[in-house]
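Single-structure report; data block below.
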Amino acid sequence: MKKLLLGDFAVARGAWEAGVKVAAAYPGTPSTEITEELARYPEVYSEWSPNEKVALEVGIGASIRGARAIVSMKHVGLNVACDPLFTSVYTGVNGGLVIAVADDPSVFSSQNEQDTRLTAVSAKIPVLEPSDSEEAKQFTKYAFDLSEEYDTPVLLRLTTRVAHSQSLVALEERQEVPVKEYVKDIPKYVMMPANARRKHTVVEERLKKLSVDADGMRINRIEWRSREIGVICSGGVYQYVREALPEASVLKLGMVYPLPYKTIEEFAAGVGRCIVAEELAPHIETLVKAHGIRVEGKEIFPLEGEFSAALIREKVLGQAPAPAPAEVPARPPVLCAGCPHRGVFYVLSKLKVNVLGDIGCYTLGAVPPLAAMDAVVCMGASIGMSIGFDKADPEAHRHSVAVIGDSTFIHSGITGLIDAVYNKAKTTVVILDNRTTGMTGHQNHPATGKTIKNEDTYELDLAKVCRAVGVEDVAVIDPNNLAATEAAVKAALAHEGVSVVIAKRPCALLTKRLYKGFKVNDKCKKCKACLKLGCPAIVNGKDGIAIDVSLCTECGLCKGVCKFGAIEGEN
Amino acid sequence: MREKSGKTDILIVGVGGQGTLLASRVLGKYAVGAGYDVKLSEVHGMAQRGGSVMTYVRIGSGIASPIIDAGGADIILAFEKLEALRYLHYLKEGGEVLYSTQEIMPMPVVTGAAEYPQGLEARLPGKGIDALSLALTAGNAKAANAVMLGALCKKLGLERDKFEEALLACIPQKTAEMNKKAFALGFDAV
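Here it is in structure tokens:
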């Protein structure tokens, strides 16, 4: 039976069919749906971990104990998990361990455009790269086999276009794989210097063997067509190459690290022009050139952004670039109508404070007219940066705050807060507690009191956590109450120490009801005070200010800022 | 799209939150049910928060890339008028735009940094549908995507019953009546 599946769902299906027992992840676009889907299978224990490092450690533990395990994350999540990653390659596995990592070429929803294959080379972990949903399923299954055969975790690299495209997948049955016997083995699993030194040699030998064996793997295949042009490619780029150059020969690499050099030599020798087409870093190109094989690569292709069939035609055949778009006003993403973060950013914008921001929907607080954000780097960085502000400028605490979401605070903000208290920083931390992991599509986390399967569990109390690490000044407010929000932020800024303001209100998208929407009456003086909210439902049209009823969620913020009683509706 | 050997490339564009993802999934469901091969490509995450979004639907056998190149779309289904213009260069020669006449102001227009372009209709080769009004007639503004799907169904000559079935399979049961009504209004508007 064939089914139309998202690439991420196909990875989940592959893991399930391969008998996976344990799945762990922290949500991150475009990888989130792998674990969301795995949570639907009763045979699989699945969890949202507080962060990617913990997720991988759960996977490593399950693997050592003998179960097949899969851990999923986005590219920047792998940075968080690098510490366990590098050493898990030394220990190797017992049950198969697959790490699915989704890169985001063109930066659809990320803070950078890094290439996971380079991290994999550093970590010395083999990498498989599927090019559509069917391969996403097949390669996931194969990754478990390779993992156990070669005694190594295996990385499955996806990109946004593979993770978030749908194509037909042939479904198969689950193969039950019993949990293997666990035998205590200190030289294998305890990485202290003497064991690690020995293991490093094992890792190098393993990579050499994999590289030789890769020549015989069916996932690395040559498709001979015209010998004039030959393209080496993998993943989503393979599809663009097939579409743009249907006559060209192709070496399709299913394993992009380590490489099958004999196959590459044979291919390069058999074509006139040998081209490596790869998005982001020149990973394959660099390795192939270091091996003494001449290819064209980044001298014709960009280092940034995702490719397309049109780009391949342009760069390889010199065809005219795709037609250019019309000049129209940009439409950047914005905080949704009714977003509970808006009240906080409105107040921060009004008070003109510096905002050290973090990763989540609320990064959109940086978009004008709110423009209430000064720096955003990575998950959890807001609090550390605010400590740095304080240590660099003794007056900074009077006019700067850290802003961090509830899920992000649990991910990696708590350690920053401990640092703030321990090292006597003067700083204000605003926790935007919207009761969910918003940006990635509403996943539970420890403070929602629900597991990934929506079962009740202990509900982490954020205010208690803050007090427990030594923060004495903790306030909890409703961000839709602008006066209370402003008063709380002002009090925190005036406090000579660490203050936490928890702005608590559920994400507007969690409410699945239909709204009538507010209306603007004839008392409107067109003062435009409401426009400062940056609400997408408030329209500044030819006929004055109006409210778009298709977007309005009746949050009442605009009614609160209007001095003339011109906005009507019940909230 | 009646010939199973032919290919139809549909670009669905709009504003994040308008239901472009739902529309592509309904099309995918219909196409698979009708025995076509199909590839879809979606954008999740930050772009879904009120930004400009596009979803690709490619129906037909032997399709490699899940994305449609500029100049390659047979039809553009636009849930918002300005978005229709933004992606007009994706339309192939002789292609058509099926667009909602709804205007949603992008933030640079709200703040006064840009102006919403006037006279858009003259630049869009195809038909405008007042999807928002029809959706309100059906019961709620949220049904505008069902209106547009009804219009697309008629425009592409798809099997109405099966298409409606695919739509109903993708939405919450309690909104079924409203969406059916919206779908019918859209169907009749073409």
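Order-wise, the sequence lines are chains A and B.
With this note's numbering applied, the first sequence covers 1 to 571.
With this note's numbering applied, the second sequence covers 1 to 190.
By construction, the Cβ of each residue, glycine as well, lies at the ideal position given by its N, Cα and C atoms.
Item                                                                                                                                                                                          : Value
Against chain A, does B:I104 count as a neighbour if the rule is that its beta carbon must be under 8 Å from one of theirs?                                                                   : yes
Just by C-beta distance, which residues in the stretch 220-236 of chain A are closer than 9 Å to chain B?                                                                                     : G236
Tell me whether A:K516 is buried or exposed, calling it buried when 16 or more other Cβ atoms sit within 10 Å of its Cβ.                                                                      : exposed
Please go through the same chain and pick out, in chain order, the residues whose beta-carbon is closer than 6 Å to the beta-carbon of A:P575, but skip the five residues on each side of it. : Nothing in the structure corresponds to residue 575 of chain A, since chain A is present only between 1 and 571.
Would you mind stating whether B:Q18 and B:N179 have Cβ atoms separated by less than 8 Å?                                                                                                     : no
How is A:G96 classed by DSSP in three states: helix, strand or coil?                                                                                                                          : coil
Is A:L128 close to the ligand ATP? I mean its beta-carbon at under 7 Å from any heavy atom of the ligand.                                                                                     : As for the ligand ATP, it is missing from this structure, which has no ligand bound.
Going straight from the alpha carbon of A:N79 to that of B:L11, what length do you get?                                                                                                       : 35 Å
In whole angstroms, what is the alpha-carbon distance linking A:E149 and A:S234?                                                                                                              : 23 Å
Could you confirm whether any beta carbon from chain A is found closer than 8 Å to the beta carbon of B:E164?                                                                                 : no
At 7 Å on the CB atoms, spell out the chain B contacts of A:E4, in chain order.                                                                                                               : Sequence inspection shows Leu at residue 4 of chain A; the Glu mentioned does not correspond to that position. Neighbours of A:L4 on chain B, chain order: G28, V32, V38.
Contact criterion: CB-CB distance below 8 Å. Does A:H411 meet it with respect to chain B?                                                                                                     : no
I'd like to know whether the C-beta atoms of A:I502 and A:V474 end up nearer to each other than 8 Å.                                                                                          : yes
List, from N- to C-terminal side, the alpha helix (DSSP H) runs of 4 residues or more that fit wholly inside the stretch 125-177 of chain B.                                                  : 131-138, 144-156, 160-169
Return the bridge partner residues of B:M107 from the DSSP annotation.                                                                                                                        : For B:M107, which the question treats as bridged, DSSP gives no partner whatsoever.
Using a Cβ-Cβ cut-off of less than 8 Å, list which residues of the stretch 526-542 of chain A approach chain B; keep chain order.                                                             : L531, G534, P536, I538, V539, N540, G541
Does the CB of B:V13 have a neighbour CB from chain A at under 8 Å?                                                                                                                           : no
Is the stretch 112-125 of chain B close to the stretch 357-366 of chain A, with three or more CB pairs under 8 Å?                                                                             : no
I'd like to know whether the C-beta atoms of A:A322 and A:A330 end up nearer to each other than 8 Å.                                                                                          : no
Starting from the Cα of A:D83, find the closest Cα among A:E459, A:N51, A:A62 and give me that residue.                                                                                       : A:N51
Identify the continuous beta strand (DSSP E) that holds A:L335 and give its terminal residues.                                                                                                : No beta strand (DSSP E) contains A:L335, which DSSP labels as neither H nor E.
Mind pulling the chain A residues with CB within less than 9 Å of B:E93?                                                                                                                      : The contacting residues do not exist; B:E93 stays about 11 Å from chain A at best.
Which same chain residues end up closer than 6 Å to A:C336 when comparing Cβ atoms and leaving out the 5 residues on each side of it in sequence?                                             : A508
Give me the Cβ distance between A:V276 and A:G297, rounded to the nearest whole Å; I'm assuming they're in contact under 8 Å.                                                                 : 4 Å
Using the beta-carbon of each residue, which ones in chain B are nearer than 7 Å to A:H495?                                                                                                   : Simply none; closest approach about 33 Å.
Is there a Cβ of chain A sitting closer than 8 Å to that of B:M54, yes or no?                                                                                                                 : no
What is the DSSP secondary structure of A:L510, reduced to helix, strand or coil?                                                                                                             : helix
Thinking A:A581 and A:G14 are a contact (beta carbons under 8 Å), I'd like their distance in whole angstroms, please.                                                                         : There is no way to answer for residue 581 of chain A, as the model of chain A reaches only from 1 to 571.
Just checking my contact of A:D548 with A:A537 at CB under 8 Å: how many whole Å lie between their CB atoms?                                                                                  : 5 Å
In chain order, what residues of the same chain have a beta carbon less than 8 Å from the beta carbon of A:S31, not counting five sequence neighbours either side?                            : D8, A25, S72, M73, K74, G77, A100, V101, A102, L158, A163
Taking DSSP as the reference, what is the three-state secondary structure of A:R157?                                                                                                          : strand
So if DSSP puts A:K252 in a beta bridge, which residue, or which two residues, is it bridged to?                                                                                              : A:R221, A:C233
DSSP on A:A10, reduced to helix/strand/coil?                                                                                                                                                  : helix
Of all the alpha helix (DSSP H) runs that stay within the bounds of the stretch 59-88 of chain A, which reach a length of 4 or more residues?                                                 : 75-80
Under 8 Å between beta-carbons, which chain B residues line up against A:V328? List them in chain order, please.                                                                              : L82, L85, R86, P117
My output table needs one value for B:G16: the three-state DSSP class, helix, strand or coil.                                                                                                 : coil
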